[in-house]
Amino acid sequence: STQSTWERNFTNHCPQSPNEMAAPPELDQCVGLNVRVKTINGESFEGAVYAVEPEQRILVLYEPSALRNRSNFRIFKTEVLTEIVPQEDGGITRMPEPLNGDSKLPKINTAKIREAADKAALERAKKLGQDVTIEAQDIFDALSKTHPCQWDQSSIIVLNEVRIDPPYTIEKVSSSHATDATVERVKLVLEGERSKMRQIAVKKP
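Per the numbering used here, the sequence shown runs over residues -16 to 188.
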């Protein structure tokens, strides 16, 4: 079958064993080789080849880390790879030991996981407005990143004292008991977030 670009580059750069210098090596001989891969999107990643599955056209890149338990694995469909070249050091990375049949996985507290998921869903539900526009929800989400916010029907309440009514412009910011400085701060943040949203909308095709 016709080799893709990544297969040609990979085969050409794999280290050959002393007994097979005249023949292209098998792809599995490249496991452990430090390489740099490049995708069709122009992204580059560096690491060691952890595994290659030619039939499924999958390459697994291992990115070791100096931090304990922080190593990373990237799985690529080989169709998106345009270049695979060895690192300048040409070194070989020791692969992490895989789990075997005797390995014991840590116990999973499913009740705690379910509780955390339910809590997260409840918190998110509190932040969802009822019968509000997408723009209104986007503004709420942006403001809530830096200030405590809650919904009062279709109005957004910031810091429990500043009210933003539809259509959520600075002219609609008001408060009966907040200081002028607090109101002005909310207006400034609101205008900043609306400006970001406008810039994003302009960039969209």
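Each residue gets a CB set at the ideal place from its N, CA and C atoms; glycine is no exception. Every value quoted in this text rests on a predicted model; they were computed, and no experiment measured them.
Ends of the beta strand (DSSP E) at residue i?
i, result
"Val172", "Looking at the DSSP string, Val172 is not in any beta strand (DSSP E); the run it does join, the alpha helix (DSSP H), is Asp163 to Lys186."
"Asp135", "Cys132 to Asp135"
"Asp66", "It is Glu, not Asp, that sits at residue 66 in the sequence shown. Counting along the chain, the beta strand (DSSP E) containing Glu66 begins and ends at Leu64 to Pro69."
"Ser190", "Nothing about residue 190 can be read from this structure; the chain reaches only from -16 to 188."
"Thr22", "Asn17 to Thr22"
"Arg146", "Val145 to Ile147"
"Glu26", "Per DSSP, Glu26 belongs to no beta strand (DSSP E) and is neither H nor E."
"Ser158", "Per DSSP, Ser158 belongs to no beta strand (DSSP E) and is neither H nor E."
"Glu46", "Ile41 to Glu46"
"Val141", "Ser138 to Val141"
Ends of the alpha helix (DSSP H) at residue i?
i, result
"Lys109", "Thr93 to Lys109"
"Glu118", "Ile117 to Ser127"
Are residue i and residue j closer than 8 Å when you measure CB to CB?
i, j, result
"Ile58", "Val20", "no"
"Phe28", "Leu16", "no"
"Glu144", "Ala161", "yes"
"Thr93", "Leu64", "no"
"Ala125", "Glu176", "yes"
Roughly how many angstroms lie between the CA atoms of residue i and residue j, to the nearest whole one?
i, j, result
"Asp156", "Val166", "According to the sequence displayed, residue 156 carries Val and not Asp. Answer to the nearest angstrom: the Cα atoms are 7 Å apart."
"Leu82", "Ala34", "Unreliable placement is indicated for Leu82, whose pLDDT of 48 sits below 50; no coordinate value is reported for it."
"Glu154", "Ile140", "15 Å"
"Ile41", "Lys186", "34 Å"
"Thr152", "Arg168", "14 Å"
"Leu111", "Trp134", "8 Å"
"Glu174", "Ser137", "19 Å"
"Ser54", "Ser159", "53 Å"
"Ala164", "Lys109", "28 Å"
"Thr61", "Lys95", "38 Å"
"Gly25", "Pro150", "41 Å"
"Glu106", "Asp114", "18 Å"
"Met146", "Pro131", "One detail in the question is off: residue 146 reads as Arg in this sequence, not Met. So the alpha carbons of these two residues sit roughly 12 Å apart."
"Phe56", "Val18", "14 Å"
"Ala184", "Ser178", "10 Å"
"Ser48", "Glu36", "24 Å"
"Glu46", "Gln39", "22 Å"
"Lys170", "Ser127", "14 Å"
"Ala103", "Leu142", "21 Å"
Among the options, whose alpha-carbon lies nearest the alpha-carbon of residue i?
i, options, result
"Arg181", "Leu142, Ile122, Lys102 and Ala94", "Ile122"
"Pro69", "Asn92, Gly30 and Lys60", "Gly30"
"Thr116", "Pro131, Asp148 and Ala103", "Asp148"
"Thr129", "Lys109, Val172 and Ser178", "Val172"
"Val14", "Lys102, Val32 and Ile183", "Val32"
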